[in-house]
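**Q** Quick one: the structure is below, and I'll ask about it shortly.
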Amino acid sequence: RAESTKDTPATTPYNLSQYFKQFLFPQNECELHNFRLSFSQLKWDRWIIAPHRYSPQYCKGDCPRVVGHRYGSPVHTMVQNIIYEKLDPSVPRPSCVPAEYSPLSVLTIEPDGSIVYKEYEDMIATKCTCR
Amino acid sequence: PHSRGRGVSGEPSGSLVAPEDTAREFNPLWWLPKGVRRGYALLPPLLKVLSERGHQSWESEVPGLRPDSRALRYMKRLYKMSATREGIPKAHKSHLYNTVRLFTPCSECKHRHRDLMKGDIHSVDLLFNLDRVTALEHLLKSVLLYSFDTSVPISSSITCTCHLSTKEHDFSSPVCPSVSHSVAFSLHFEVRKRKWVEIDVTSFLQPLIATNRRDLHMAVNLTCLMGDPQQNTDLENPVNVALVPPSLLLYLNDTSEQAYHRWNSLRHRRKSPGQPRQRSSPPVDPAGEEGKENSQGKRASRRR
């Protein structure tokens with residue numbers, strides 16, 4: 023505290039709430055956002071018969087500096103944050119990405135006219151994390 | 011990931027044409043391992059859209075073969091039974107497949123004759139092209155799917171005898187160029203509002219499909235009579251059914267990474283880090299209280 027007051031010019035009032043602000047969660051914190059599309063928008067409804075609508079969702083937002091268990095983030099995430107802040111700003115901050123998905127069943131028409139029902143893995147984001 | 015095994019056809023699946031060398035490095039499809047690249051109905055179009063800058067829509071690429079409307083109706087019904095409206099696969103215990111392919115015969119030469127004694131004989135030669143089945147899709151069940159409109163009064167029972175034989179060119183022995191396996195079996199079913207009759211031919215076709223056969227040539231001979239063999243011995247009144255040549259339905263387990271594996275998702279959920287541990291239900295001791303429950307209780311709990 024003594025050093026910090028020596029460093030900072032006397033004019034800046036040392037403000038505790040200012041100091042803690044940096045630990046608050048960011049306004050637009052990392053979370054799952056809704057997104058719904060219909061295959062007719064992509065003009066794919068001629069070969070994708072079902073489902074008509076598909077909600078892949080997506081993750082967006084800033085990752086708090088001290089992520090801890092909140093996002094199921096490994097310790098590496100905090101290390102990466104420290105590298106970005108203290109050592110090398112060219113190293114990116116942790117990103118807000120999907121952590122879990124659910125599958126999707128699709129009914130499509132193949133080019134040879136046969137019809138296929140398929141269940142695809144990892145087609146709908148269901149949970150976000152900071153990595 | 012290394013590509014596991016070859017895709018089936020030499021060409022990438024879907025109607026993607028191998029891009030010229032110049033565009034090759036721009037097409038993300040070519041960076042995928044072969045095993046992933048081919049045989050995937052959904053993947054190539056998604057990648058194609060991503061690799062194209064323009065607004066060209068995929069639909070202009072899909073060549074024309076339109077499926078049979080009855081087949082389409084059946085597959086929509088199967089979709090409704092297998093997935094929710096949002097497209098999430100339903101968790102059925104019996105639902106082991108993650109892929110179902112329906113093939114309509116690419117050519118058939120029908121022979122149809124009536125033999126009053128034997129009823130209405132409907133025999134047809136069918137050729138199915140199975141090019142779309144990838145090497146990573148393993149057969150679980152195969153079914154001949156008959157859809158028929160019949161003038162038979164509702165709630166009468168029909169007994170059909172099906173004689174199935176496949177023809178294959180046995181190049182190893184020039185003497186008898188075509189070898190045919192045949193099987194005959196009878197099936198009895200009630201005609202209610204049923205529009206479909208499924209004839210399970212799994213054991214019969216398994217050896218052929220397991221050898222990655224591309225073309226399946228078979229002759230199907232179906233004789234249908236009214237009545238139930240258990241009740242009256244002499245089956246009379248040949249059923250005048252307008253039989254449409256059957257489609258071939260393959261229930262498959264796709265073992266590639268993109269396909270959804272039920273058992274895998276359970277395992278994955280248990281393993282994923284930072285997951286609040288699922289509170290496991292108290293261990294059911296088969297010999298414990300549960301074991302003593304009487305049959306009604308069991309049935310009721312099962313129904314619940």
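Top line first, the protein sequences correspond to chains A and B. The first sequence runs 23 to 153 under the working numbering. The second sequence runs 11 to 314 under the working numbering. All residues carry an ideal CB built from backbone N, CA and C; glycine is no exception. Model, not experiment: these values are computed from the prediction.
Drop a sphere of 10 angstroms on the beta-carbon of Leu155 of chain B, count the other beta-carbons inside from all chains shown, and report buried for 16 or more, exposed for fewer.
**A** Classification for Leu155 of chain B: buried.
**Q** Could you give the distance in angstroms between the alpha-carbon of Phe61 of chain A and the alpha-carbon of Asp110 of chain A?
**A** Computed Cα separation, rounded: 44 Å.
**Q** Short of 6 Å in beta carbon distance, which residues of its chain neighbour Ser124 of chain A, apart from the five on each side in sequence? Order them along the chain.
**A** Closer than 6 Å at the Cβ level, and outside the excluded window around Ser124 of chain A, lie Ile146, Thr148.
**Q** How close, in whole Å, do the beta carbons of Thr233 of chain B and Thr171 of chain B come, if the pair is a contact with beta carbons under 8 Å?
**A** Correct: roughly 5 Å between the Cβ atoms.
**Q** Which residues share a DSSP beta bridge with Val143 of chain B?
**A** Val143 of chain B is not bridged to any residue.
**Q** So, does the CB of Ala28 of chain B fall closer than 9 Å to a CB anywhere in chain A?
**A** A caution first: Ala28 of chain B carries a pLDDT of 42, below 50, which makes its placement in the model unreliable, though a value can still be read off. So, not an interface residue.
**Q** Can you give me the start and stop residues for the alpha helix (DSSP H) that His105 of chain B sits inside?
**A** Counting along the chain, His105 of chain B falls outside any alpha helix (DSSP H), and DSSP gives it neither H nor E.
**Q** Looking at C-alpha atoms only, which residue of B:Lys86, B:Leu106, B:Ala229 is the closest neighbour of Gly97 of chain B?
**A** Per the Cα distances, B:Lys86.
**Q** Suppose the cutoff is 6 Å on Cβ atoms and the five residues either side in sequence are ignored; what does the same chain contact list for His227 of chain B look like?
**A** Leu137, Lys177.
**Q** Against chain A, with Cβ distances strictly below 9 Å, would Gly64 of chain B count as a contact?
**A** Confidence in Gly64 of chain B is poor, its pLDDT being 42 and thus under 50, which makes the residue's placement too unreliable to answer from.
**Q** Could you give the first and the last residue of the continuous beta strand (DSSP E) run that contains Lys82 of chain A?
**A** Segment 80-82, the beta strand (DSSP E) holding Lys82 of chain A.
**Q** Given this structure, state the Cα-to-Cα distance separating Arg58 of chain A from Cys81 of chain A, to the nearest angstrom.
**A** Whole-angstrom Cα-Cα distance: 14 Å.
**Q** Considering only residues of the same chain and omitting the five flanking positions on each side of Leu126 of chain A, which have a CB-CB separation below 8 Å?
**A** These residues qualify, in order along the chain: Pro73, Tyr76, Glu141, Tyr142, Met145, Ile146.
**Q** Going straight from the alpha carbon of Asp264 of chain B to that of Ile209 of chain B, what length do you get?
**A** If I take the Cα positions, the gap works out to 23 Å.
**Q** Can you list the residues of chain A that Arg142 of chain B reaches, using a CB-CB cut of under 9 Å?
**A** Ordered by position in chain A, the residues that pass the 9 Å Cβ test against Arg142 of chain B are Glu132, Pro133, Asp134, Ser136, Val138.
**Q** So which residues of chain A does Ser192 of chain B contact, with C-beta pairs closer than 7 Å?
**A** The premise fails here: Ser192 of chain B is roughly 25 Å from chain A at the closest Cβ pair, so nothing lies under 7 Å.
**Q** Could you spell out where the beta strand (DSSP E) holding Tyr261 of chain B opens and where it closes?
**A** 257-264 is the extent of the beta strand (DSSP E) around Tyr261 of chain B.
**Q** Output yes if chain B places a C-beta closer than 9 Å to the C-beta of Arg153 of chain A; else output no.
**A** For Arg153 of chain A, the answer is no, since every Cβ of chain B falls outside 9 Å of its Cβ.
**Q** Tell me whether the beta-carbon of Leu149 of chain B lies closer than 9 Å to the beta-carbon of Tyr261 of chain B.
**A** Yes, Cβ-Cβ distance for Leu149 of chain B and Tyr261 of chain B is below 9 Å.
**Q** Excluding the 5 residues flanking Ala220 of chain B on each side, which residues of the same chain have their C-beta closer than 8 Å to its C-beta?
**A** Answer for Ala220 of chain B: Leu149, listed in chain order.
**Q** Under the three-state reduction of DSSP, which class applies to Phe214 of chain B: helix, strand or coil?
**A** Three-state result, Phe214 of chain B: helix.
**Q** Pick from B:Phe113, B:Arg223, B:Leu82, B:Met91: whose alpha carbon is nearest that of Leu259 of chain B?
**A** Selected option, being the one with the closest Cα: B:Phe113.
**Q** Return the residue from the list B:Thr144, B:Trp273, B:Ser266, B:Ala81 that minimises the CA-CA distance to Ile17 of chain A.
**A** It is not possible to answer for residue 17 of chain A, since the shown part of chain A is limited to 23 through 153.
**Q** Is it buried or exposed for Ile137 of chain A, if we count other Cβ within 10 angstroms and need 16 for buried?
**A** That one is buried.
**Q** To which residues of the same chain is Lys100 of chain B closer than 7 Å at the C-beta, ignoring the five residues directly before and after it?
**A** Within the same chain, Lys100 of chain B has close Cβ partners Ser92, Ala93, Thr94.
**Q** Along chain A, in chain order, which residues have C-beta atoms closer than 8 Å to that of Met85 of chain B?
**A** Here the neighbours are Ile71, Leu129, Ile137, Tyr139.
**Q** Leaving out five residues before and five after Tyr139 of chain A in sequence, what residues of the same chain have Cβ atoms less than 6 Å from its Cβ?
**A** Only Leu129 meet the Cβ criterion.
**Q** Leaving out the 5 sequence neighbours to the left and right, which residues in its chain are closer than 6 Å to Ser192 of chain B when beta-carbon positions are compared?
**A** Contacts found: Ser175.
**Q** Please report how far the alpha carbon of Arg142 of chain B lies from the alpha carbon of Pro256 of chain B, in whole angstroms.
**A** Answer to the nearest angstrom: the Cα atoms are 19 Å apart.
**Q** Let me know the secondary structure DSSP gives Ser3 of chain B once reduced to three states.
**A** With chain B covering 11 to 314 only, the question about residue 3 of chain B has no answer from this structure.
**Q** Report the start-end ranges of each beta strand (DSSP E) in the stretch 69-123 of chain A that is 3 residues or longer and not cut off at the edges.
**A** Taking only runs of at least 3 residues, the beta strand (DSSP E) segments lying wholly in the stretch 69-123 of chain A are 70-72, 80-82.
**Q** Candidates B:Leu218, B:Thr109, B:Ser157, B:Val230: which alpha carbon is nearest Tyr89 of chain B's?
**A** Measuring from the Cα of Tyr89 of chain B, the nearest candidate turns out to be B:Thr109.
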